[in-house]
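Notes follow the structure.
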Amino acid sequence: MPEGDSVWRVASQLHKALSGQKLTGTDFRVPRFATLNLAGWTVEEVVPRGKHLLMRVQGPDDQKLTIHSHLKMEGAWQVYPPGGRWRKPGFTARCVLRTAAADAVGFSLGIVEVVRTADEDSIVGHLGPDLLGAGWDPAEAERRIRAAPDVPIGVALLDQRNLAGIGNIYRCEACFLSGVHPASPISAVPDLRTLMTDAKQLLEANLGPGRRVTVLNPRGMPVGRMAGRAGHWVYGREHQPCLKCRTPIRRGVLGKPGGEEERNIYFCPQCQPLLS
Ligand SMILES: [Zn+2]
7 MPEGDSVWRV
17 ASQLHKALSG
27 QKLTGTDFRV
37 PRFATLNLAG
47 WTVEEVVPRG
57 KHLLMRVQGP
67 DDQKLTIHSH
77 LKMEGAWQVY
87 PPGGRWRKPG
97 FTARCVLRTA
107 AADAVGFSLG
117 IVEVVRTADE
127 DSIVGHLGPD
137 LLGAGWDPAE
147 AERRIRAAPD
157 VPIGVALLDQ
167 RNLAGIGNIY
177 RCEACFLSGV
187 HPASPISAVP
197 DLRTLMTDAK
207 QLLEANLGPG
217 RRVTVLNPRG
227 MPVGRMAGRA
237 GHWVYGREHQ
247 PCLKCRTPIR
257 RGVLGKPGGE
267 EERNIYFCPQ
277 CQPLLS
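Rendered as structure tokens:
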């Protein structure tokens with residue numbers, strides 16, 4: 007699963023390359039839309055919503071459609087000069103959009119579909135408040151999360167119906183910053199608002215180019231030189247010393263066994279006691 011910051015960056019790159027451009031050719035390599043041709047339509051904007059990408063296009067008679075895509079595990083959008091050589095295998099392309107200025111190719115996308123823009127809610131209407139959206143509403147996100155007090159905080163943070171934009175990296179990092187074991191139930195988390203604010207600040211700090219770094223300091227925690235090199239507080243650092251207390255970081259699994267939400271968690275057993 008991508009993190010919200012990756013989707014935000016992709017949307018911004020696609021928007022820069024395509025907005026205002028007339029499509030000269032389109033190729034939807036998914037059965038349902040294989041015959042759809044949007045040549046002559048104009049790309050109005052590309053916007054992220056949680057982990058979903060929405061490309062809004064305008065056609066004749068002011069018709070408006072939205073090309074909806076989701077990167078899921080392996081997906082990627084790349085922008086090339088017109089006719090440029092692709093850096094990924096052609097058979098993995100799921101959507102090709104050509105303009106006079108650039109070609110955009112979506113590879114291995116988890117979802118590609120086209121809906122009327124007026125019907126976008128059928129795709130993203132279920133999402134909770136967007137951590138990177140203009141209308142971020144922490145009270146509403148907290149209300150949704152607290153509605154299921156027995157759910158582990160680490161599971162609730164990944165549930166995009168609660169709040170949109172957090173993937174596995176940010177949920178692990180935000181739980182660490184709050185000193186909360188990700189398996190702790192919601193009811194035991196004392197300050198959900200601060201935890202969400204930390205996640206939002208880490209996401210926002212990673213909207214620019216370059217490697218993702220979450221060893222940042224939203225709340226006065228000292229960040230040493232070694233910490234900066236580590237990149238993350240706990241994510242992906244099994245057996246390595248905790249940047250705060252030197253205890254080896256542990257890895258575990260959270261979520262229903264075999265379920266879609268079953269994912270690795272990383273935590274410091276010393277700094278993040280299991281609350282109950
Ligand atoms: Zn620690």
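Residues in the sequence shown are numbered from 7 upward in steps of one, following my numbering. From the three backbone atoms N, C-alpha and C, an ideal C-beta is built for every residue, glycine too. Treat the numbers as computed from the prediction; the structure is a model and nothing was measured.
Run through the DSSP bridge pairs and tell me what residue i is partnered with.
i: S75; result: L59, V118
i: C178; result: Its beta-bridge partners do not exist; DSSP assigns none.
i: T123; result: Answer is none; T123 lacks a bridge partner.
i: N270; result: V259
i: V111; result: Q84, V102
i: A170; result: D136
i: D33; result: V102
i: E51; result: R62
i: P191; result: P158
i: K70; result: Q64
Would residue i be called buried (16 or more neighbouring beta carbons within 10 Å of its own) or exposed?
i: V259; result: exposed
i: A23; result: buried
i: C178; result: buried
i: Q278; result: buried
i: S190; result: buried
i: C274; result: buried
i: G141; result: exposed
i: P88; result: exposed
i: Q166; result: buried
i: G304; result: Because the chain here runs from 7 to 282, residue 304 falls outside it and cannot be looked at.
i: D136; result: buried
Considering Cα atoms alone, identify which of the options is closest to residue i.
i: D109; options: V120, A124, W92, L198; result: W92
i: G65; options: I73, H58, L59; result: I73
i: A145; options: V157, L183, T200, G112; result: T200
i: P95; options: L198, V85, F113, K250; result: F113
i: M79; options: K57, R243, G116, F97; result: G116
i: G56; options: R257, L138, S190; result: L138
i: H76; options: K70, G90, V52; result: V52
i: A162; options: A82, R269, V111; result: R269
i: I255; options: A82, G141, Q246; result: Q246
i: H132; options: L198, S193, H58; result: H58
i: V49; options: A211, H21, V120; result: H21
i: N43; options: R252, G89, G242, V120; result: V120
i: F97; options: Y272, V111, G90; result: V111
i: R252; options: I271, Y272, Q276, G242; result: Q276
i: V195; options: A154, A99, K250, A45; result: A154
Just how far apart, CA to CA, sit residue i and residue j?
i: I151; j: N168; result: 6 Å
i: C181; j: V16; result: 26 Å
i: I159; j: E244; result: 20 Å
i: G292; j: G134; result: The structure shown does not extend to residue 292, since the chain is modelled only from 7 through 282, so no value can be given for it.
i: L209; j: G216; result: 13 Å
i: P188; j: V157; result: 10 Å
i: V219; j: D11; result: 12 Å
i: R38; j: A170; result: 27 Å
i: K28; j: A40; result: 20 Å
i: Y176; j: D127; result: 26 Å
i: A107; j: P8; result: 27 Å
i: L71; j: L60; result: 10 Å
i: L222; j: V118; result: 35 Å
i: W14; j: D67; result: 30 Å
i: A99; j: Q84; result: 10 Å
Is there contact between the region 27–35 and the region 98–108, where contact requires at least three CB pairs shorter than 8 Å? Yes, the region 27–35 touches the region 98–108.
Cβ contact check for the region 234–248 and the region 194–205: 3 or more pairs under 8 Å: no
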